[in-house]
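A.B. asks: Sharing a structure here in structure tokens format.
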Amino acid sequence: MIKLTRLLVLSILIAAAGSVGSLPAQAAPSTPSAVTTSSLLQSADQALKASQWQKALELSQKAVKQAPKDPEVYVRLGRAYGGLNQFDKALAQFNQALKLKPSHAAALNGRAKVQMVWRKLDLAHEDLTQALKADPNYGDAYLTRGLLRIILKQNEGALEDLTQALKRDPKNPEILTARGIYYYTRGQYPASQADFKQALQFKPATPQEYARIYNYLGVIDYTQDRYAEALAHFEQAIKYQPNLADAYNNQGLVYAAQNQPTKALERFQASLKHQDSPNPYTNMGDLYAAQGDFEKALAAYSQALSVKSPVSTDFPLISQAAILNSRGRLYLEVREPVKALADFELALKLEPQRAESQNLRGIALNQMGKSDQALQAFDQAIVLQPNFLDAYGNRGLTHAQLKNFPQALADFEWITKMAPGNASAHFYIGQIHENQGQPDKAIAAYTATIKADNQFLQAFKARAVLAIQSKQYEIALGDATRILELDPRVLAAHVMRGDIYNWTGRHEEALAEYATVLKAFPDSPDILSSRAEVYLNQKKYDLAQTDLEKALSLQADYGPAWYQLGQIQTQAGKGAEAKQSFQKACQLKVEAACALAQN
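Letter by letter, the sequence shown follows residues 1459 to 2057 of our numbering.
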């Protein structure tokens, strides 16, 4: 499944200023035009509430001509410009209001939202704290700071701020939506869904707010693999707001999860028609990478890196470091570790605490043959994220490559303690025991692998081989059968079953297995020789000799066939010919033939 990333609707961020409760009370100017200015501001407020940004701008511009020293008119201008995504002009208006009144709570709140758009999160937090100091009952500032704290992952503070906002306006759908976002980021999906549905009951003020809520409901459905419901909610969001780029992007993610790449790409492209964002490009890159289309994936990731988008107060946009990681993984897949390493190191410059980048950096170094440096990278990833299972696994593999088996074993055993169902860790423990000549421990580890994942093909193969070596034929036979259930193309499993049937006297079943293999590979000396051995056990010497002669015509230096041919010749009373066959087999290092060659 392609990972979930998000897109935002920017106008919501600035336009919401002042929507929770009322703006702080201001005295009307005592000029002859006071009534006219107040009326203009009231009309501007109504236009802002209805997301009529241009109308609000025009009304506010008229108001500023009549009251150029009233900070209220500049606050409305700032909100109108924000709704039009003209953030530099919005900031100028909020600054002008603050020049006239430095403690103006609404202006501080509006400026904070512009700072959030421009990723100046510390400045935004400072402005919001000042706004609440100026007006402790200003609900919209609590809402804005709550959203900011979600972005900053200050979870307790975020919930406290949203609770304060709801105390002041308990039926405000925007606050309920914000708390729904908080619960979503915490993985509390039922609580999140409940808040979004309650927000709908309180009738949001604009179609954009309806669209936003339906979009979130779709996100929750998607997160829990309810794809039909998710698509329906995203479609409802688009009905309310046809240009909601996020909903198109999310539809693409659902189609990708359902293995419908054509529909997924169409939705990602539709999202980009409405808003340029790194998220659809990254999702397209992931999709192309899954299809093995390196060039298109690389182009999509590079395009994602070139897009400059503001921060979201809902779901943060995918960061440049995350995109670099995706592109770097692609380079790893096509064995270009130098380019991959450059991407991972740039990601770490942007986000030094990103454990995932250190882990991937270690993989790149390993591909470059720099095992010692790779171990250091994995160590650093684990320091940054002590429960990072992938980093432990990669470090374990590196130790195993270096034949540091105790260290490798320790890493994989740690994984199985933290995640007992991690089949790969059990499998690698089995590989290490096998390399150390401990077949019983290896079989036990492979058994644990299969218990964790009964479709782990390599574990069945490895256990079958060891079981054959230790003459545990029933286990080996069961494993070979399971291998064929998982992948009927594995002809080696037919060979295993044929050998076991032969050794246990089930000759007709053995012949059937070898026949299946010979149908695919009729010129295999190995299988011809194996079938000849069954014929020998059945005393069908003519059939055995036919297979052996064909095997030797295909490979004249195939020692086992010479040995078996000597056995047939002995049975036929052809001592001289048998001696010559045994001598050839002995020269070809078939030890059992050497003693017979002397007779």
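Glycine included, C-beta positions come from ideal geometry on N, C-alpha and C. If you're wondering where the values come from, they're calculated on a predicted model, not measured in any experiment.
1) On the DSSP letters alone, give me the boundaries of the alpha helix (DSSP H) that residue 1841 sits inside.
2) So, under 8 angstroms CB-CB, residue 1917 and residue 1908 are touching, yes? Tell me the CB distance rounded to an integer number of Å.
3) Of the residues 1691, 1700, 1742, which one's Cα is nearest the Cα of residue 1714?
4) Where does the unbroken alpha helix (DSSP H) through residue 1716 begin, and where does it stop?
5) In chain order, which alpha helix (DSSP H) runs of at least 4 residues are fully inside the stretch 1979-2010?
6) By alpha-carbon positions, which one of 1894, 1872, 1895 ends up nearest to residue 1884?
7) To the nearest angstrom, how far is the alpha carbon of residue 1893 from that of residue 1862?
8) Name the residue from 1505, 1511, 1531 whose alpha carbon lies nearest to the alpha carbon of residue 1496.
9) Find the nearest neighbour of residue 1529 within the set 1666, 1565, 1627, 1762, judged by alpha-carbon distance.
10) For residue 2052, which residues in the same chain have their Cβ closer than 6 angstroms to its Cβ, ignoring the five residues on either side in sequence?
11) Which residue's Cα is closest to the Cα of residue 1609: 1562, 1621, 1583?
12) Under the three-state reduction of DSSP, which class applies to residue 1557: helix, strand or coil?
13) How many angstroms separate the CA atom of residue 1636 from the CA atom of residue 1647?
14) Identify, in the order they occur along the chain, each residue of the same chain with its Cβ nearer than 6 angstroms to the Cβ of residue 1481, setting aside the five sequence neighbours on each side.
15) With a threshold of 8 angstroms on Cβ separation, who are the neighbours of residue 1579 within its own chain once the five nearest residues in sequence on each side are excluded?
16) Inspect the CB distances between the stretch 1729-1744 and the stretch 1684-1704 and report whether three or more fall short of 8 angstroms.
17) Counting only runs that start and end within the stretch 1727-1787, where is the alpha helix (DSSP H) found for 4 or more residues in a row?
18) Identify, in the order they occur along the chain, each residue of the same chain with its Cβ nearer than 7 angstroms to the Cβ of residue 1726, setting aside the five sequence neighbours on each side.
19) Would you mind listing the alpha helix (DSSP H) stretches within the stretch 1886-1974 that are 4+ residues and don't spill past its ends, in chain order?
20) Should the stretch 2014-2021 be called in touch with the stretch 1994-2002, which here means at least 3 C-beta pairs below 8 angstroms?
21) Drop a sphere of 10 angstroms on the beta-carbon of residue 2126, count the other beta-carbons inside from all chains shown, and report buried for 16 or more, exposed for fewer.
22) At what residues does the alpha helix (DSSP H) containing residue 1857 begin and finish?
23) So residue 1745 and residue 1722 are supposed to be a Cβ contact under 8 angstroms. How far apart are they, rounded?
24) So the candidates are 1758, 1778, 1887, 1755; which of them puts its Cα closest to the Cα of residue 1766?
25) Could you say which of 1587, 1930, 1691 lies nearest to residue 1671 if we only look at CA atoms?
26) Counting C-beta neighbours from all protein chains within 10 Å, is the total for residue 1978 16 or more, i.e. buried, or is it exposed?
27) Does the separation of the CB atoms of residue 1456 and residue 1614 fall below 8 angstroms?
28) Give me, in chain order, the residues of the same chain whose beta-carbon lies closer than 7 angstroms to that of residue 1867; leave out the 5 immediate sequence neighbours on both sides.
29) Leaving out the 5 sequence neighbours to the left and right, which residues in its chain are closer than 7 angstroms to residue 1804 when beta-carbon positions are compared?
30) Taking residue 1623 as the reference, give the member of 1651, 1590, 1641 with the closest Cα.
31) Applying the criterion that 16 or more other CB atoms from any shown protein chain within 10 Å of the CB defines a buried residue, is residue 2027 buried or exposed?
32) Which residues bound the alpha helix (DSSP H) around residue 1691?
33) How would you call residue 2096, buried or exposed, if buried means at least 16 neighbouring beta carbons within 10 angstroms?
34) Please list the terminal residues of the continuous alpha helix (DSSP H) segment that includes residue 1643.
C.D. replies: By the coordinates alone:
1) Taking the sequence shown and counting its residues from 1, one reaches residue 1841 at position 383. That run of the alpha helix (DSSP H) goes 1829-1842.
2) Taking the sequence shown and counting its residues from 1, the one referred to as residue 1917 is at position 459. Taking the sequence shown and counting its residues from 1, the one referred to as residue 1908 is at position 450. Going by Cβ atoms, the distance from residue 1917 to residue 1908 rounds to 5 angstroms, so yes, they are a contact pair.
3) Residue numbering aside, residue 1714 sits at position 256 when the sequence shown is read from its first letter. Sorting 1691, 1700, 1742 by C-alpha distance to the C-alpha of residue 1714 places 1742 at the top.
4) In the sequence shown, counting from the first residue as 1, residue 1716 sits at position 258. Note, residue 1716: premise wrong, no alpha helix (DSSP H); not H, not E.
5) Secondary structure in the stretch 1979-2010: the alpha helix (DSSP H) runs of 4 residues or longer, each lying completely within the stretch, are 1983-1995 in chain order.
6) Here residue 1884 refers to the residue found at position 426 when the sequence shown is read from its first residue. Nearest option by C-alpha distance: 1872.
7) Position 435 of the sequence shown holds residue 1893. Position 404 of the sequence shown holds residue 1862. One Cα belongs to residue 1893, the other to residue 1862, and the distance between them is close to 11 angstroms.
8) For the purposes of this step, residue 1496 is taken as the residue at position 38 of the sequence shown. Relative to residue 1496, the option among 1505, 1511, 1531 whose CA is nearest is 1531.
9) In the sequence shown, the residue the question calls residue 1529 occupies position 71. For the residues 1666, 1565, 1627, 1762, the minimum Cα distance to residue 1529 belongs to 1565.
10) On the sequence shown, residue 2052 is found 594 positions in, with the first residue counted as 1. Here residue 2052 has 2044 as same chain residues with Cβ atoms under 6 angstroms from its own Cβ, once five neighbours each way along the sequence are excluded.
11) One-based indexing of the sequence shown puts residue 1609 at position 151. If you compare the alpha carbons of 1562, 1621, 1583 with that of residue 1609, the shortest gap goes to 1583.
12) As a first step, residue 1557 must be located in the sequence shown, where it is residue number 99. DSSP places residue 1557 in helix when its eight states are reduced to three.
13) For the purposes of this step, residue 1636 is taken as the residue at position 178 of the sequence shown. For the purposes of this step, residue 1647 is taken as the residue at position 189 of the sequence shown. For residue 1636 and residue 1647, the distance between alpha carbons rounds to 14 angstroms.
14) Taking the sequence shown and counting its residues from 1, one reaches residue 1481 at position 23. Low confidence applies here, because residue 1481 scores a pLDDT of 39, under 50, leaving its location unreliable and the question unanswered by this model.
15) Taking the sequence shown and counting its residues from 1, the one referred to as residue 1579 is at position 121. If we look at residue 1579 and ignore the five residues flanking it on each side, its Cβ neighbours are 1573, 1606, 1609, 1610, 1769.
16) Taking a cut-off of 8 angstroms for Cβ pairs, the stretch 1729-1744 and the stretch 1684-1704 touch, as three or more such pairs fall below it.
17) Within the stretch 1727-1787, the complete alpha helix (DSSP H) runs of at least 4 residues are 1736-1748, 1752-1764.
18) If you number the sequence shown from 1, residue 1726 lands on position 268. Excluding residues up to 5 positions away in sequence, 1707, 1710, 1738, 1741, 1742 lie with their Cβ nearer than 7 angstroms to the Cβ of residue 1726 in the same chain.
19) Runs found: 1897-1910, 1915-1927, 1931-1944, 1949-1961.
20) Cβ pair count under 8 angstroms is below three, so no.
21) Within the shown structure, residues of the chain are numbered from 1459 to 2057, placing residue 2126 beyond reach of any answer.
22) Translated into the one-based positions of the sequence shown, residue 1857 becomes position 399. Segment 1847-1859, the alpha helix (DSSP H) holding residue 1857.
23) If you number the sequence shown from 1, residue 1745 lands on position 287. If you number the sequence shown from 1, residue 1722 lands on position 264. Sure, about 6 angstroms apart at Cβ, within 8 angstroms.
24) Residue numbering aside, residue 1766 sits at position 308 when the sequence shown is read from its first letter. Sorting 1758, 1778, 1887, 1755 by C-alpha distance to the C-alpha of residue 1766 places 1778 at the top.
25) What you label residue 1671 is simply residue 213 of the sequence shown in a count that begins at 1. If we check each option's Cα against that of residue 1671, 1691 comes out closest.
26) The sequence position of residue 1978 within the sequence shown is 520, counting from 1. Around the C-beta of residue 1978, fewer than 16 other C-beta atoms lie within 10 Å, and the residue is accordingly described as exposed.
27) No information on residue 1456 is available, as it lies outside the stretch 1459 to 2057 that the chain covers here.
28) Position 409 of the sequence shown, counted from the start, is the residue given in the question as residue 1867. 1887, 1890.
29) For the purposes of this step, residue 1804 is taken as the residue at position 346 of the sequence shown. Cβ within range, chain order: 1782.
30) Here residue 1623 refers to the residue found at position 165 of the sequence shown. Checking every option, the nearest Cα to that of residue 1623 belongs to 1590.
31) As a position in the sequence shown, residue 2027 is number 569, starting the count at 1. It is buried - the Cβ of residue 2027 has at least 16 other Cβ atoms within 10 Å.
32) Here the question's residue 1691 lines up with position 233 in the sequence shown. Residues 1685-1698.
33) Outside the displayed range of the chain (1459 to 2057) lies residue 2096, so it cannot be described from this structure.
34) Here the question's residue 1643 lines up with position 185 in the sequence shown. The continuous alpha helix (DSSP H) containing residue 1643 extends over residues 1631-1643.
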